[in-house]
Each structure stands twice: as C-alpha cells, then as structure tokens.
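Below: the structure, in structure tokens.
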Amino acid sequence: MSELPAASGTRRARITAVTSGKGGVGKTFVSANLAAALVRRGEKVLVLDADLGLANLDVVLNLFPKITLHDVFTGKHKLEEAVMAAPGGFHVLLAGSGMVEYSRLTPEVRDQLVDVIQQMRPRFDRILLDTGAGISDVVLYTVSLADEVLVVATPEPTSLTDAYATIKVLATTQGRRDLKLLVNQVTQTGEGRTIRGQLQQVVDRYVTPSLEAPLKLEFVGEIPVDAAVRDAVRRRQLMLECFPGSAAAQAVLAVATRLTS
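Residue numbering for the sequence shown follows this note's numbering, starting at 1 and increasing by one per position.
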C-alpha cells in the first residue's frame, strides 16, 4: 500500500486502454514504461493490470504485492489498500495470481471493474488499462471502459493480422472511429509509419465501407529493436530508469509527448 493522490472534485482521469491483437508484442512493457514517461510529463498515473487471467505487470516491475485486485474483488481488503507505488513515480493495481476465475466475463466482473475505475478516476490524471491480448469478452469489455485505445503491434505478419482483427472488432462493436497505433520492435526508422499506412489501407477497403463514418488509425510512434529492452526486462526494471538514454527509452518518451500534446 502507498499513499494515494488526494481525490479532486475537478480531476477525472483520462482512461487509455493499452491492448493488442496478439500476445508477446511487449504490451505490458509498453504500459509500464509509458506510465513512467507520462509521469515525467507531469501526470499522476495509475496502471491497472486488467489482464485478469495472465497478469504479469508485477513481474515486469519486480513488485511483490501483499494485496491485489483478487483480495478487493473477494472483499478481503479495500481498494485503497491494493494500490501500490511503482518505480517511475506512478501507481499500480495488480491483479495477482488468483484471478484466473475472473478471466471470464460475468456481471460481477463487469461491475467490479467499473467500480474500481470510478473510485480511482478522481485521484489520477490518467489510468492505463493494461488489457489482455486478443478479442475475448473480458478484453473487449475492459477496452469499452476507455476514452481512447492504444493498439500495440509489431512488424510480424501474425501480429499485424491480429491487430487488424482487433481494430475491426473495436470499430464494428464499439463504434470506435479513432484508434492509436504504436509499432514495437521495428528494425528501421519509418517502418512503423509504413505499417500504419498498410493497416489503414486494409481498414479503408474492408472495414470503413460498412461504417457510418471512416475509421482513422493515428500513428503515435515506433519503438526500435534495442538491446536495452531485453536487458531491462531481464533486470525486471523500467527501461526509462536503467537505460534512459537508449533509443527505445527515447521513443517511449516521444509517445508520451504525443499522447499529452
């Protein structure tokens, strides 16, 4: 437990869902380092580990929570007791290892997720929802609670195929018309913007004709393949803290700038 930012009658956190079509694209790594970058931009940030079935934010941050969302959902502890301070100056709500039974969407899970967000919203400037991968009911419902969606993809064909599927579902089932795209693990400068263009072309051809208004993919940045990423993950530390001058860290800071400008 850590001291929470005071609730403000005028503050209402912007909710950003960080999601992906495919697992293994670095989504949680992005969520954690992006949170630290947003703190540097002056925001009070909470990362909510919304990957209820396969939570791993605690591993990335080397945290060992005594109280998790599982304890909150089962009524053993109050929500405020589960909020932890994380390296990088932000706060986290960790799902814990006992959440597998919550990986299916039930009315109870819906209500509890909404309640958590509503209670935390007056205390922060931004809440990052680190969702699971894919288009399961839990992932889609979690994303539906967000003001904006950041889709993380890599240049791998399977990642792009799954990213397209996610984009299509969000457009057709949630009425999303603006989605943000972050391309991770690029091997050359400009690759992310090229990928955004390719995805936009496919969306324009196969998705937009069935919509009342066109769907726009906003490119917010690319993160290069960088040994610092692997080393930070191995150390279980934030890349922004242990390798702040690395190309990947600078790329994450640039994404935070775009999200806040």
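Beta carbons: idealized from backbone N, C-alpha and C, even for Gly.
Less than 8 Å between the beta carbons of residue i and residue j, yes or no?
{"i": "Asp49", "j": "Leu4", "result": "no"}
{"i": "Ser159", "j": "Lys44", "result": "no"}
{"i": "Ala7", "j": "Pro107", "result": "no"}
{"i": "Leu128", "j": "Val18", "result": "yes"}
{"i": "Val225", "j": "Leu34", "result": "no"}
{"i": "Val152", "j": "Leu105", "result": "no"}
{"i": "Arg11", "j": "Asp125", "result": "yes"}
{"i": "His91", "j": "Ala85", "result": "yes"}
{"i": "Ile195", "j": "Pro155", "result": "yes"}
{"i": "Met120", "j": "Leu54", "result": "no"}
{"i": "Leu145", "j": "Val114", "result": "yes"}
Can you give me the C-alpha to C-alpha distance between residue i and residue j, rounded to a whole angstrom?
{"i": "Ile15", "j": "Asp147", "result": "5 Å"}
{"i": "Arg177", "j": "Val138", "result": "21 Å"}
{"i": "Tyr141", "j": "Gln200", "result": "24 Å"}
{"i": "Glu80", "j": "Val30", "result": "25 Å"}
{"i": "Ala171", "j": "Gln198", "result": "17 Å"}
{"i": "Ile135", "j": "Ala232", "result": "29 Å"}
{"i": "Ser246", "j": "Pro87", "result": "18 Å"}
{"i": "His70", "j": "Gly190", "result": "42 Å"}
{"i": "Gly132", "j": "Val229", "result": "21 Å"}
{"i": "Gly9", "j": "Gly192", "result": "39 Å"}
{"i": "Gln188", "j": "Lys216", "result": "24 Å"}
Measuring alpha carbon to alpha carbon, tell me which of the options ends up nearest residue i.
{"i": "Gln237", "options": "Lys180, Thr106 and Leu63", "result": "Leu63"}
{"i": "Leu150", "options": "Val169, Thr187 and Glu218", "result": "Glu218"}
{"i": "Gly221", "options": "Val92, Thr173, Val252 and Ala86", "result": "Val252"}
{"i": "Leu179", "options": "Gly190, Thr173, Ile167 and Thr187", "result": "Ile167"}
{"i": "Ala32", "options": "Pro244, Thr257, Leu240 and Ala254", "result": "Leu240"}
{"i": "Thr68", "options": "Val169, Glu156 and Val116", "result": "Val116"}
{"i": "Gly175", "options": "Thr161, Gly190 and Glu212", "result": "Glu212"}
{"i": "Lys66", "options": "Val114, Thr189, Val186 and Gly96", "result": "Gly96"}
{"i": "Asp51", "options": "Val143, Thr161, Pro244 and Gln119", "result": "Val143"}
{"i": "Val169", "options": "Val109, Pro244 and Tyr206", "result": "Tyr206"}
{"i": "Gln118", "options": "Gly75, Ala228, Val229 and Ala13", "result": "Ala13"}
{"i": "Asp111", "options": "Lys216, Arg193 and Thr74", "result": "Thr74"}
Would residue i pass as an interface residue toward chain B - the criterion being a Cβ-Cβ separation below 8 Å?
{"i": "Glu108", "result": "Within the model displayed, chain B is absent; a lone protein chain is all it includes."}
Please work out which residues of its chain come closer than 6 Å, Cβ to Cβ, to residue i, disregarding the five sequence neighbours upstream and downstream, and give them in chain order.
{"i": "Thr260", "result": "Arg41"}
{"i": "Ile223", "result": "Asn184, Ala248 and Ala251"}
{"i": "Pro214", "result": "Thr208"}
{"i": "Val72", "result": "Leu79 and Ala82"}
{"i": "Asp162", "result": "Gly21 and Lys22"}
Suppose the cutoff is 7 Å on Cβ atoms and the five residues either side in sequence are ignored; what does the same chain contact list for residue i look like?
{"i": "Gly89", "result": "Ala36 and Val39"}
{"i": "Thr28", "result": "Asn56, Leu57, Val60 and Asp130"}
{"i": "Arg235", "result": "Cys242"}
Can you pull the DSSP bridge partners for residue i?
{"i": "His91", "result": "Leu46 and Ala85"}
{"i": "Arg14", "result": "Arg126"}
{"i": "Asn184", "result": "Ile223"}
{"i": "Ser261", "result": "DSSP lists no partner for Ser261."}
{"i": "Val152", "result": "Leu182"}
{"i": "Leu217", "result": "Leu179"}
Among residues of its own chain, excluding the 5 on either side of residue i, which ones have a beta-carbon nearer than 8 Å to its beta-carbon?
{"i": "Tyr164", "result": "Gly21, Leu199, Val202 and Val203"}
{"i": "Thr173", "result": "Leu140"}
{"i": "Ser210", "result": "Thr172"}
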